[in-house]
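The next block holds one structure in the form of structure tokens; read it before the comments.
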Amino acid sequence: MGEGNYPFQLTESEWRARLSPDEYAILREAATERAGTGELLGEWGDGLYSCRGCGAELFQAGTKFESHCGWPSFYDSINPDAVELLEDTTLGQVRTEVRCANCGSHLGHVFPDGFGTPTGNRFCMNSLALGFNASGA
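Take the sequence shown: its position 135, counted from the start at 1, is 135 in the UniProt record's numbering, and no numbers get skipped.
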């Protein structure tokens with residue numbers, strides 16, 4: 001994970017010290033939390049979502065929508081340079097992995113099935129990969 005030359009880099013031991021075991025599995029090993037279990041799934045307040053690994057801002061709350069997929073979903077990132085999109089051929093299918101462009105951490109996947117959204121995309125993110133900072137907090 002994080003093979004690229006990212007602005008924010010840590011050693012594996014630093015990542016393990018910084019993250020919980022579940023966060024490490026998702027952010028650094030591309031695991032996925034169980035559907036419907038994420039703490040941010042039901043968060044609908046105003047604010048910003050950031051990378052749990054490095055704190056980089058990723059999504060604005062106003063782009064979050066109810067996709068009924070079991071994970072927090074957004075129709076666009078805060079800006080095109082906030083995330084990195086990579087082809088993922090694991091699980092015998094072609095998907096598009098979403099990584100934090102600042103640290104290379106795995107966030108989830110993006111799918112072209114965000115019907116009714118301005119972009120038509122569904123950034124399906126792991127709650128454990130994200131932090132949330134409510135507006136005014």
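Yeah, the Cβ is synthetic: ideal placement off N, Cα and C, and Gly gets one too.
All of these numbers come straight from a predicted model, not from anything done at the bench.
| query | result |
| --- | --- |
| Please confirm if the segment 48-65 is in contact with the segment 116-133, defined as three or more CB-CB distances below 8 Å between the two stretches. | yes |
| Which whole-angstrom value describes the C-beta separation of Arg95 and His109, a residue pair presumed to lie in contact below a C-beta threshold of 8 Å? | 5 Å |
| According to DSSP, simplified to helix, strand and coil, what is Glu39? | coil |
| Determine contact between the segment 59-68 and the segment 31-47, defined as no fewer than three beta-carbon pairs at a distance below 8 Å. | yes |
| If the criterion is Cβ atoms closer than 8 Å, does the pair Arg122 and Phe132 meet it? | no |
| According to the neighbour-count rule (16 or more other Cβ atoms, all chains shown, within 10 Å of its Cβ), is Ser20 buried or exposed? | exposed |
| Can you tell me whether Leu34 is helix, strand or coil according to DSSP? | Here residue 34 turns out to be Arg, not Leu, going by the sequence shown. Arg34 falls in the coil class under three-state DSSP. |
| Going straight from the alpha carbon of Asp22 to that of Cys103, what length do you get? | 18 Å |
| Helix, strand or coil for Thr63, going by three-state DSSP, please let me know. | helix |
| When you compare the CB positions of Tyr6 and Arg16, do they come within less than 8 Å of one another, or not? | no |
| Please classify Ala35 as buried or exposed, where buried requires at least 16 neighbouring CB atoms within 10 angstroms. | exposed |
| What are the partner residues of Asn133, as DSSP defines its beta bridges? | Leu48 |
| Once DSSP output is grouped into helix, strand and coil, what is the label at Gly70? | coil |
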